[in-house]
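Student:
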Amino acid sequence: MSQGILVFVEQRGGQVRKASLEALSEAHRRAAAVGGDVSAVLIGSGVKGLAAQLGKFGAKKVLVVDNAALENYSTETFTQALTEAVKKVSPKYVFAACTSMAKDFIPRAAARLDAACVSDAMDFVTEGANLCPVRPMYSGKTFGTYSLSGDLSFITLRPNVFALSEAGGDAAVEDLSLEISAPKAKVVAVHAAEGNKVELSEAAIVVSGGRGIKGPENWPVLQGLCDALGAALGASRAVVDAGWIDHQFQVGQTGKTVSPQLYIACGISGAIQHLAGMSSSKVIVAINKDPEAPIFKHATYGIVGDVLEVVPKLTDAVRKLHEHN
Amino acid sequence: MKIAVCVKAVPDTEAKIAIADGKKNIDFAGVRFVTSPYDEFAIEEALKLKEKLGGDTTVISMGGAECTDVLRDSLARGIDNAVHLNDADFAGLDTLSTAKVLASAIKDGGYEIVFMGQQGVGGDNSQVPSMLAELLGFAQATMAVKFECDGTTFKAEREIEGAHEFIEGSLPAVISAQKGLNEPRYPGIKGVMAARRKEIAVKDAAALGVKGQVGGANLKATIKEMALPPERPQGRKIEGDSDAQVSELVKLLRSEAHVL
Ligand SMILES: Cc1cc2nc3c(=O)[nH]c(=O)nc-3n(C[C@H](O)[C@H](O)[C@H](O)COP(=O)(O)OP(=O)(O)OC[C@H]3O[C@@H](n4cnc5c(N)ncnc54)[C@H](O)[C@@H]3O)c2cc1C
Ligand SMILES: Nc1ncnc2c1ncn2[C@@H]1O[C@H](COP(=O)(O)O)[C@@H](O)[C@H]1O
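For the record, the sequence lines run as chains A and B.
Residue numbers for the first sequence follow UniProt numbering, so the first one is 1 and each next one is one higher.
Residue numbers for the second sequence follow UniProt numbering, so the first one is 1 and each next one is one higher.
Below is the structure:
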């Protein structure tokens, strides 16, 4: 009988993702209801040193699949490593942060093990020892609560939604050595994109610009606010389509989904497809010169005004605040 | 080269979403169905590949009557053949069952490449392409923003957090399209006329050999309840000139919202 929760902890270049630690923290919080232990699995090359810290976040045991063939992420090699870890632990649930890596290989692992898969959970309802993930659908216009059946289910969790907590203790670290099969497709290179220092989908604060910023020459105005706040820069599709900024910055239905603590929409009208990517933000600030702009219906705080006038003042005010603290 | 494209019929993204009685699904009354936006990139990539290497393109859609117009739209853009997977058993399938049905339609067809969208809008799962690749034993590249293929191998580029990944693999493969992959062409009047005369092949669960294997008790993930998102508390407009607005905003973000 399967028991407990296994958390896939994502690392790239020796850095554990914060969103994975959130997933681990949530697994720790849900473990009592589910029954069994929380374990974690780390996959990569030279990653064993990252294992011990996972105890703090709730892992009782960390399986490490450390193999030179796993240096770069590839769908099939990671699918093999994860499914072997699952067979070893027999968990009832596998959690992973909903990142581009997880979106690529978690469903493949679920299909290999003939298991349920639910993506982008934002909450859970418990029904006895069963977890029912709650997730946005129709770009956040509805929420679905799922019933899962079978001995095993895979669930990915939206970054920035579940609180980090260091309520755990020590973890036992165990090697899982595997012969990694050659994949039919593999990642041959990874090139860092020039972009945000803080990853948009994981940033605690996001400042986004839309057509209201008037032109690409004004990005430095928003970047100044980003720097003052330690925020990531985002954009509406209109300005991406206009070629003012790269698609990696786009927030919305056909861009990234973000749920920061604070989202500041600058000169963005608030089209439904934009809201799809940011409506789960905790606090939304809108700066728009049109008092009728739809974004104001969703904003916690609204400022009717010119972005190019308001944003520099806001940047100054934030800088002053930080100087005093 | 035999090329397949999987397209999903989804409610128009502008559609007003209401929850149906029973709270298990949205209310489809009056909802217009369209090709899922990412699938338009998949169709375009299939057409481009055929133009380059020659071959035959087939569009496949699983679902009810809403698929017909969507399949015709693909034909109008230039796809050669259309297959509609339609059976009462296919209603309300989860992602794994969906992938199983699609796999049953693709596996013996000699397809070397399957183009899909990275996400079916509405369900917003982003799962079926990876599941299908596994069930077929194909290579995969999901969320591709660039794609090249010479008939035996392929190269793809995908956007990940803060970086781009470059993938190389061998066919057969499943490729899922991200926005940016290409600029979809729209059907011309001639294409629309020609598509009307084309036949859409319909296959049910028995013809696909999946009778009793998908849906019903086979479902692993079902919706227990659907609800509208929690109402956001009524927001507040901050009045005054820009200096007053900014200082009030900073105060509220600090002492009321606790985010600064
Ligand atoms: C299938 C589909 C998918 C889509 N996906 C996305 C998506 O992922 N993300 C997305 O963002 N959009 C998406 N869109 C597009 C979306 O519908 C809107 O067109 C887009 O979000 C508008 O961008 P905007 O708010 O920057 O521009 P606009 O709608 O033009 O709004 C500009 C705003 O700036 C304000 N403004 C102008 N000047 C100033 C000033 N000086 N100071 C302050 N305010 C000013 C105006 O009042 C206006 O409200 C999608 C559309 C479709 C059909
Ligand atoms: N019912 C379906 N019929 C055909 N293709 C589908 C269907 N459902 C999903 N797909 C394909 O899988 C992709 C991703 O869907 P999803 O995993 O549901 O987000 C879609 O863009 C389609 O290419």
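Beta carbons: idealized from backbone N, C-alpha and C, even for Gly.
None of the values given here were measured: they were computed from a predicted structure.
1) Assuming Thr257 of chain A and Met226 of chain B make a contact with CB atoms under 8 Å, what is their CB distance in whole Å?
2) Relative to the C-alpha of Val125 of chain A, which candidate in A:Met137, A:Arg30, A:Gly195 and A:Gly35 has its C-alpha closest?
3) For Gly180 of chain B, which option in A:Leu63, A:Val285, A:Gly169 and A:Asp246 has the closest C-alpha, if you only look at C-alpha atoms?
4) What three-state label does DSSP hand Leu152 of chain A in the structure shown?
5) On the three-state DSSP scale, how would you describe Asp241 of chain A?
6) Name, going along the chain, the residues of the segment 235 to 255 of chain B whose beta-carbon falls closer than 8 Å to a beta-carbon of chain A.
7) Would you tell me roughly how many angstroms separate the C-alpha atoms of Gly224 of chain A and Gly191 of chain B, rounded to the nearest one?
8) Tell me whether the segment 165 to 176 of chain A and the segment 249 to 265 of chain A touch, counting them as touching only if at least three CB pairs, one residue from each stretch, are closer than 8 Å.
9) Below 7 Å on C-beta distance, what does Leu148 of chain A contact in chain B?
10) Tell me whether Gln119 of chain B, by its Cβ, gets closer than 8 Å to a heavy atom of ligand 3.
11) Could you spell out where the alpha helix (DSSP H) holding Thr315 of chain A opens and where it closes?
12) Is any non-hydrogen atom of ligand 1 found closer than 8 Å to the C-beta of Ala271 of chain A, if you look at the structure I gave you?
13) Does the beta carbon of Glu71 of chain A come closer than 9 Å to any beta carbon on chain B?
14) So that I know if they touch, is there some Cβ in chain B lying closer than 9 Å to that of Val310 of chain A?
15) Is Asp104 of chain A close to chain B? Criterion is C-beta to C-beta, closer than 9 Å.
16) If you measure from the CB of Asp73 of chain B, is any heavy atom of ligand 1 nearer than 8 Å?
17) When you measure from the CB of Gln253 of chain A to every non-hydrogen atom of ligand 1, does any distance come out below 8 Å?
18) Among the candidates A:Leu321, A:Ser269, A:Arg12 and A:Arg319, whose CA atom is the shortest distance from the CA of Glu161 of chain B?
19) How should His274 of chain A be labelled, buried or exposed, when 16 other C-beta atoms within 10 angstroms of its C-beta is the threshold for buried?
20) Can you find a C-beta in chain A that's less than 9 Å from the C-beta of Val259 of chain B?
21) State yes or no: is the C-beta of Thr145 of chain A nearer than 8 Å to some heavy atom of ligand 2?
22) Jot down the residue ranges of each uninterrupted beta strand (DSSP E) in the segment 212 to 274 of chain A, minimum 3 residues, whole runs only, in chain order.
23) Spell out the partners DSSP gives Asp66 of chain A in its beta bridges.
24) Return no unless some Cβ of chain B is closer than 9 Å to the Cβ of residue 328 of chain A.
25) What do you get for Gly44 of chain A, buried or exposed, if any count of 16 or more other CB atoms within 10 angstroms of its CB means buried?
26) Please say whether Val283 of chain A and Val246 of chain B have beta carbons closer to each other than 9 Å?
27) So if DSSP puts Gly216 of chain B in a beta bridge, which residue, or which two residues, is it bridged to?
28) Please determine whether the Cβ atom of Leu308 of chain A lies at a distance below 8 Å from any heavy atom of ligand 1.
29) Answer with buried or exposed for Tyr186 of chain B, where buried requires no fewer than 16 other C-beta atoms within 10 angstroms of its C-beta.
30) Would you say residue 329 of chain A lies against chain B (beta-carbon separation less than 9 Å)?
31) On the premise that Ala4 of chain B lies in contact with Ala185 of chain A, defined as a C-beta separation below 8 Å, what is that separation, rounded to the nearest angstrom?
32) Under 8 Å Cβ-Cβ, which residues of chain B neighbour Leu314 of chain A?
33) Is any beta-carbon of chain B found at less than 9 Å from that of Asn218 of chain A?
34) So the candidates are A:Ser165, A:Lys197 and A:Leu178; which of them puts its Cα closest to the Cα of Ser20 of chain A?
35) Quick check for students: name the residue ranges of the beta strand (DSSP E) that lie wholly in the segment 1 to 54 of chain A, counting only runs of 3 or more.
36) Is Arg196 of chain B helix, strand or coil by DSSP?
Tutor: Well, looking at it:
1) For this step, residue 257 of chain A is matched to residue 257 along the first sequence. For this step, residue 226 of chain B is matched to residue 226 along the second sequence. With a Cβ gap of about 19 Å, Thr257 of chain A and Met226 of chain B do not count as contacting.
2) As a position in the first sequence, residue 125 of chain A is number 125, starting the count at 1. With distances taken between CA atoms, Val125 of chain A lies nearest to A:Arg30 out of A:Met137, A:Arg30, A:Gly195 and A:Gly35.
3) Here residue 180 of chain B corresponds to residue number 180 of the second sequence, with the count starting at 1. It is A:Asp246.
4) Residue mapping note: residue 152 of chain A aligns to position 152 of the first sequence, counting from 1. In the structure shown, the three-state DSSP call for Leu152 of chain A is coil.
5) As a first step, residue 241 of chain A must be located in the first sequence, where it is residue number 241. In this structure, Asp241 of chain A counts as helix in the three-state DSSP scheme.
6) From the segment 235 to 255 of chain B, only Gly235, Arg236, Lys237, Ile238, Ser242, Asp243, Gln245, Val246, Ser247, Leu249, Val250, Leu252, Leu253 and Arg254 have a Cβ closer than 8 Å to chain A.
7) Taking the first residue of the first sequence as position 1, residue 224 of chain A is located at position 224. Taking the first residue of the second sequence as position 1, residue 191 of chain B is located at position 191. Taking the straight line from one Cα to the other gives about 50 Å.
8) Proximity of the segment 165 to 176 of chain A to the segment 249 to 265 of chain A falls short of the contact definition, fewer than three beta-carbon pairs being nearer than 8 Å.
9) Here residue 148 of chain A corresponds to residue number 148 of the first sequence, with the count starting at 1. Close to Leu148 of chain A, with beta-carbon spacing below 7 Å, are these residues of chain B in chain order: Lys220 and Ala221.
10) Within the structure as shown, ligand 3 is missing, the only ligands being ligand 1 and ligand 2.
11) Taking the first residue of the first sequence as position 1, residue 315 of chain A is located at position 315. Per DSSP, Thr315 of chain A is one residue of the alpha helix (DSSP H) stretching across Val307 to His324.
12) Looking up residue 271 of chain A in the first sequence gives position 271. Yes - ligand 1 has a heavy atom lying nearer than 8 Å to the Cβ of Ala271 of chain A.
13) Along the first sequence, one-based indexing puts residue 71 of chain A at 71. With 9 Å as the cut-off, Glu71 of chain A does not count as an interface residue toward chain B.
14) The residue you call residue 310 of chain A lines up with position 310 of the first sequence. Interface residue, yes.
15) Taking the first residue of the first sequence as 1, we reach residue 104 of chain A at position 104. Chain B contact via Cβ: present.
16) The residue labelled residue 73 of chain B in the question sits at position 73 within the second sequence. Checking every heavy atom of ligand 1 against the Cβ of Asp73 of chain B, none is found closer than 8 Å.
17) Here residue 253 of chain A refers to the residue found at position 253 when the first sequence is read from its first residue. Yes - ligand 1 has a heavy atom lying nearer than 8 Å to the Cβ of Gln253 of chain A.
18) Counted from its first residue, the second sequence places residue 161 of chain B at position 161. Looking at A:Leu321, A:Ser269, A:Arg12 and A:Arg319, the one whose alpha-carbon comes closest to that of Glu161 of chain B is A:Arg12.
19) The count along the first sequence starts at 1 and reaches residue 274 of chain A at position 274. With 16 or more other Cβ atoms within 10 Å, it is buried.
20) On the second sequence, position 259 is the one that residue 259 of chain B refers to. Interface residue, yes.
21) As a working mapping, residue 145 of chain A is identified with position 145 in the first sequence. The answer is no for Thr145 of chain A.
22) The qualifying runs are 232 to 235 and 262 to 266.
23) On the first sequence, residue 66 of chain A is found 66 positions in, with the first residue counted as 1. Bridge pairing for Asp66 of chain A: A:Gly44 [DSSP].
24) Past the edges of chain A, shown from 1 to 325, lies residue 328 of chain A, and the structure says nothing about it.
25) Here residue 44 of chain A refers to the residue found at position 44 when the first sequence is read from its first residue. Buried, since its Cβ has 16 or more Cβ neighbours within 10 Å.
26) One-based indexing of the second sequence puts residue 246 of chain B at position 246. One-based indexing of the first sequence puts residue 283 of chain A at position 283. With a cutoff of 9 Å on beta-carbon distance, Val246 of chain B and Val283 of chain A are scored as not near each other.
27) In the second sequence, the residue the question calls residue 216 of chain B occupies position 216. In DSSP, Gly216 of chain B forms no bridge with anything.
28) On the first sequence, position 308 is the one that residue 308 of chain A refers to. For ligand 1, at least one heavy atom lies less than 8 Å from the Cβ of Leu308 of chain A.
29) Counting from 1 along the second sequence, the entry for residue 186 of chain B is found at position 186. It is exposed - the Cβ of Tyr186 of chain B has fewer than 16 other Cβ atoms within 10 Å.
30) Here chain A comprises residues numbered 1 to 325, so residue 329 of chain A is not present and cannot be evaluated.
31) Counted from its first residue, the first sequence places residue 185 of chain A at position 185. Counted from its first residue, the second sequence places residue 4 of chain B at position 4. Contact between Ala185 of chain A and Ala4 of chain B does not hold, since their C-beta atoms are separated by about 18 Å, which reaches or exceeds 8 Å.
32) Taking the first residue of the first sequence as 1, we reach residue 314 of chain A at position 314. Within chain B, the residues whose beta carbon sits less than 8 Å from that of Leu314 of chain A are Val246, Leu249 and Val250, listed in sequence order.
33) For the purposes of this step, residue 218 of chain A is taken as residue 218 along the first sequence, with counting starting at 1. Not an interface residue.
34) Start at 1 with the first residue of the first sequence, and residue 20 of chain A comes out as number 20. Ranking the options by Cα distance to Ser20 of chain A, first place goes to A:Ser165.
35) Within the segment 1 to 54 of chain A, the complete beta strand (DSSP E) runs of at least 3 residues are 5 to 9 and 38 to 44.
36) By one-based count along the second sequence, residue 196 of chain B stands at place 196. It is helical.
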